[in-house]
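K.L.:
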Amino acid sequence: MVVEAGLHGLVNKIFRHFLRLTNNFIFNFTAAAADVTPKLDDIEIIYQSSHYLVVNKRNDVLINSNHGEEVTVQNQLRHLLPHLANPSLTHEFRFSHRLDFATSGLLCLALNKRAAGAITKCFTHHHVDKYYLAVVRGHVAHDLIDINLQIGEDVRAEWAGIRMVSEDSPHAGHCRDAHTRLLVLQRGLYNDYPATKVLLKPTTGRRHQLRVHLSHLGHTIVGDYTYSNRCDVSPHRMFLHALRLAVPSPLDSFDVSTPDPFSEGDPRNRWVAVETINSLDADSFHRIKFGRVCYEVVR
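In this text, residue positions in the sequence shown follow my numbering: the first is 841, and each later residue adds one.
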């Protein structure tokens, strides 16, 4: 009986190990098959008027490039909406703001010179509300965080033009003000490791601002190769998405959003929520903008 019990336990261990290997194989195969090279039609129009166009950019796509053969947002738009391309412009379209290569989500373009001037003023005077979703490593302890921390370029030769750092880094070049608010939505697990889904609201628009601020907190974005010191390579993408954009332009006001791309329903995400602190609803958008801060990060 003892031998039988021991054998049964060994068989169970072997079976569980086999299941883990099988699950990992299925996940890696699915991710590899799903994350194919971007195509020209791999872009979604969210909003269009006579003044503005808002698209949902997929992850791992540049906005524009000097290499004509690359699939970029510029090339995708020229393919999809050729009548809107303006050859007299450097990159054919008036992009009102930027998204990093690895970041997905809402990207706005002005369709004429007057509209471009109007939305530039909105951004300059911080009248535009931008909201991002991210899944970060570890469990964020405080539910609402206000981060006021300048950032600047990393002056080290190996990171020049690639990485930014917070003002307290000895490698920081010229720093500029950067302000981000963070609201915890859910705490859970990414690939069986602690992770947190957060809503982010930047009120400034510095390069890599959200990625630097989260890294400074000790909660690097899942899949952020650059700010994980080139270590986080297993996720199928970087888990940062421009979720909502509200623009009060005098020419054409709009408030648009996309679904959550980091849901538990997509097996590639490997995300499981354990507890929900705030739902992704109007109350959360109000709280991140106006709510009383639990924790503040300043220099």
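Think of the CB as a built atom: it goes at the ideal place given N, C-alpha and C, for glycine as much as any other residue.
1) Are at least three pairs of beta-carbons, each pair with one atom in the region 1056-1074 and one in the region 914-933, less than 8 Å apart?
2) Extract the residue ranges of the beta strand (DSSP E) inside the region 920-987, only unbroken runs of 3 or more that lie entirely within it.
3) According to DSSP, simplified to helix, strand and coil, what is L1040?
4) Does DSSP put V1137 in a helix, a strand or coil?
5) How far does the alpha helix (DSSP H) with I1128 in it extend, from its first residue to its last?
6) Helix, strand or coil for E910? Go by DSSP, reduced to three states.
7) Using only the alpha-carbon positions, how far apart do L1057 and P927 sit?
8) Looking only at DSSP bridge pairs, what is T1116 linked to?
9) Under DSSP, the alpha helix (DSSP H) around S1055 begins and ends at which residues?
10) Taking the alpha-carbon positions, what's the C962 to P1088 distance?
11) Can you give the Cα-Cα distance for N915 and R977, rounded to whole angstroms?
12) When the Cα of S905 is compared with those of V1024, D1008, Q888 and F933, which residue comes out closest?
13) Give me whichever residues DSSP pairs with D994 in a beta bridge.
14) Report the residue from D969, G957 and S1103 whose alpha carbon sits nearest the alpha carbon of S1119.
15) If you run the structure through DSSP and keep just helix, strand and coil, what is P1090?
16) Comparing alpha-carbon positions, which option in A1086, H891, F1130 and T943 lies nearest V913?
17) Buried or exposed: where does Y1033 fall if 16 or more other Cβ atoms within 10 Å of its Cβ makes it buried?
18) Counting only the same chain and skipping the five closest in sequence on each side, list residues whose C-beta sits under 7 Å from that of P878.
19) Can you tell me the Cα-Cα spacing of V894 and K1129, whole angstroms?
20) When the Cα atoms are used, what is the spatial distance from R1139 to D1008?
21) Do L946 and I886 have their beta-carbon atoms positioned less than 9 Å apart in this structure?
22) Which residue from Y1067, P1099 and V876 puts its Cα closest to that of R1003?
23) Is the separation between the beta-carbon of L989 and that of G1131 shorter than 9 Å?
P.N.:
In terms of the structure at hand:
1) The region 1056-1074 vs the region 914-933: no contact.
2) Complete beta strand (DSSP E) runs here, min 3: 944-950 and 969-977.
3) Strand at L1040.
4) In this structure, DSSP gives V1137 an extended state, which the three-state scheme calls strand.
5) First-last of the alpha helix (DSSP H) with I1128: A1122 to F1130.
6) E910: coil per DSSP, three-state reduction.
7) Between L1057 and P927, the C-alpha separation is close to 44 Å.
8) The partner list for T1116 (beta bridge, DSSP) reads Q1026.
9) Under the DSSP assignment, S1055 falls in the alpha helix (DSSP H) whose first and last residues are Q1049 to L1057.
10) Between the alpha carbons of C962 and P1088 lies a gap of roughly 7 Å.
11) Pairing N915 with R977, the inter-Cα distance amounts to about 34 Å.
12) Nearest to S905 by C-alpha distance, out of V1024, D1008, Q888 and F933, is F933.
13) Under DSSP, D994 shares a beta bridge with A1012.
14) Nearest C-alpha to S1119: S1103.
15) Three-state DSSP puts P1090 in coil, outside helix and strand.
16) Among A1086, H891, F1130 and T943, the Cα nearest to that of V913 is on T943.
17) Per the 10 Å Cβ criterion, exposed.
18) Taken in chain order, the residues that qualify are R898, D900, V901 and V911.
19) A straight-line Cα-Cα distance of about 22 Å links V894 and K1129.
20) The alpha-carbon atoms of R1139 and D1008 are separated by roughly 7 Å.
21) Cβ distance < 9 Å, so I886 and L946 count as in contact.
22) Comparing C-alpha distances from R1003 to each of Y1067, P1099 and V876 shows the shortest one belongs to Y1067.
23) Contact annotation: L989 and G1131 have beta-carbon atoms that are not nearer than 9 Å.
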